[in-house]
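Enquirer: Would you mind keeping the following structure in view while I ask a few things?
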DNA sequence: GTAAAGCCTCCCCTGCGGTGGAAGGTCAAG
DNA sequence: CTTGACCTTCCACCGCAGGGGAGGCTTTAC
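Protein chains in written order, with my numbering: chain S, -1 to 141; chain G, -1 to 141.
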């Protein structure tokens, strides 16, 4: 199977598959005499795993690590469980951050409705956003 | 006031201030005969606004837009309110996505605990993550 | 006078997950 | 024999918000 067929079956582009190879989540396949990549069914299984793992929020680096663990020491279930635990905790933290940010934004928005535009101060850009807000969080990175 | 002093007062680095200038959120200041940037107090007010707006989740591009609106048509309160509305809605959507993702991860994690590692299938990388999951969401980008 | 800060511009680097294009090889059909 | 689809490698770029450092001025302190 050549790369185009594999791409179609996996619902990806050939570009992405080559990228996955360089990213180390897909092993280098055999080559046909022409130099074309020659895939077998396991490549498709691998790509499906990668997609599922991505859907679970794992990065390609983490997926590569899971694969490496499996290759070195067998079923990586424990490792995967730990990764998932960490991700769940990260998500909880991020959800809390975003909820706090959302409340701040909502407050500012309500404030905007109650303020009189004509009383806008010329020195600030916009008095809806208080430049001297001491409660300002550090820029809420959304990594 | 030279850039270092402004940076200290604003709690930023000189690099960042130059970057803000090229990003269009800080106007180009006068120059001293030496070529050094020469800031007045309004630059500090502007930087405080930028920080507050960032804390409210606005990107530099949006902040630049708010400033442009103000320069063109006066107090941008309505525009800012719209932006904040949009951001609050975005945040709500993102929080819902992350909550759904978190539930999925949690489910996988619980599954990992209940599975028998010795029954790991050799064809898949790890049976904790089901490669044929039909409910798999598209990779949950966390931009 | 001289050394140390401080400032200037310029270009490259980061992480993440790819995407786009150029220049060229290969294979099947007409 | 040529056309077109497909493949190869390599290099560059996207957004986002800066950070690192080179090589060269200017200002300040002793």
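Glycine is no exception: its CB is placed at the ideal position from the N, C-alpha and C atoms.
Just how far apart, CA to CA, sit residue 26 of chain S and residue 54 of chain S?
Expert: Roughly 25 Å between the two C-alpha positions.
Enquirer: Would you mind giving the Cβ-Cβ distance between residue 76 of chain S and residue 124 of chain G, rounded to the nearest angstrom? I have them listed as a contact below 8 Å.
Expert: That pair is no contact at about 10 Å.
Enquirer: Do you know offhand how far residue 42 of chain G's Cα is from residue 4 of chain G's?
Expert: When rounded, the distance between both Cα atoms is 7 Å.
Enquirer: Does residue 127 of chain G come within less than 8 Å of chain S when only Cβ atoms are used?
Expert: It does; some Cβ of chain S falls within 8 Å.
Enquirer: For residue 76 of chain G, name the three-state secondary structure that DSSP assigns.
Expert: It is helical.
Enquirer: Out of S:111, S:103, S:31, S:19, which has the shortest C-alpha to C-alpha gap to residue 50 of chain G?
Expert: Considering only alpha carbons, the answer is S:103.
Enquirer: What in chain G is Cβ-close to residue 111 of chain S, meaning under 8 Å?
Expert: Chain G residues near residue 111 of chain S: 79.
Enquirer: Would the beta-carbon of residue 89 of chain S fall within 8 Å of that of residue 96 of chain G?
Expert: Yes, they are a contact pair.
Enquirer: Please confirm if residue 63 of chain G has its CB atom under 8 Å from at least one CB of chain S.
Expert: Closer than 8 Å: no.
Enquirer: Short of 8 Å Cβ to Cβ, which residues in the segment 95 to 111 of chain S face chain G?
Expert: Of all residues in the segment 95 to 111 of chain S, 96, 97, 99, 100, 102, 103, 104, 106, 107, 110, 111 have a Cβ within less than 8 Å of some Cβ in chain G.
Enquirer: Does residue 15 of chain G have its Cβ less than 8 Å from a Cβ in chain S?
Expert: By this cut-off, residue 15 of chain G is not an interface position.
Enquirer: For residue 26 of chain G, which of helix, strand or coil comes out of DSSP?
Expert: Here residue 26 of chain G sits in coil by DSSP.
Enquirer: Does residue 24 of chain S pass the burial test, meaning 16 or more other C-beta atoms within 10 Å, or should it be called exposed?
Expert: Answer is buried; the Cβ neighbour count reaches 16.
Enquirer: Considering only heavy atoms of the ligand NAP, does any lie closer than 7 Å to the CB of residue 47 of chain G?
Expert: With respect to small molecules bound, the structure shown includes none, and the ligand NAP cannot be examined in it.
Enquirer: What residue range does the alpha helix (DSSP H) around residue 40 of chain S cover?
Expert: Where residue 40 of chain S is concerned, the enclosing alpha helix (DSSP H) stretches over 39 to 53.
Enquirer: From S:22, S:106, S:11, pick the residue whose C-alpha is nearest to that of residue 65 of chain S; which is it?
Expert: Among S:22, S:106, S:11, the Cα nearest to that of residue 65 of chain S is on S:22.
Enquirer: Within its chain, find whatever has a CB closer than 7 Å to the CB of residue 9 of chain G; leave out the 5 residues flanking it on each side and keep chain order.
Expert: Result list for residue 9 of chain G: empty, nothing under 7 Å.
Enquirer: For my contact list, residue 46 of chain G and residue 0 of chain G are in at a C-beta cut-off of 8 Å; report their separation, rounded to the angstrom.
Expert: With a Cβ gap of about 18 Å, residue 46 of chain G and residue 0 of chain G do not count as contacting.
Enquirer: In angstroms with no decimal places, state the Cα-to-Cα distance between residue 57 of chain S and residue 63 of chain S.
Expert: Each residue's alpha carbon lies about 10 Å from the other.
Enquirer: Residue 18 of chain G: buried (16+ other C-beta within 10 angstroms of its C-beta) or exposed?
Expert: Looking at its Cβ environment, which holds 16 or more other Cβ atoms inside 10 Å, residue 18 of chain G is buried.
Enquirer: Is residue 0 of chain S helix, strand or coil when you go by DSSP?
Expert: Coil, per DSSP.
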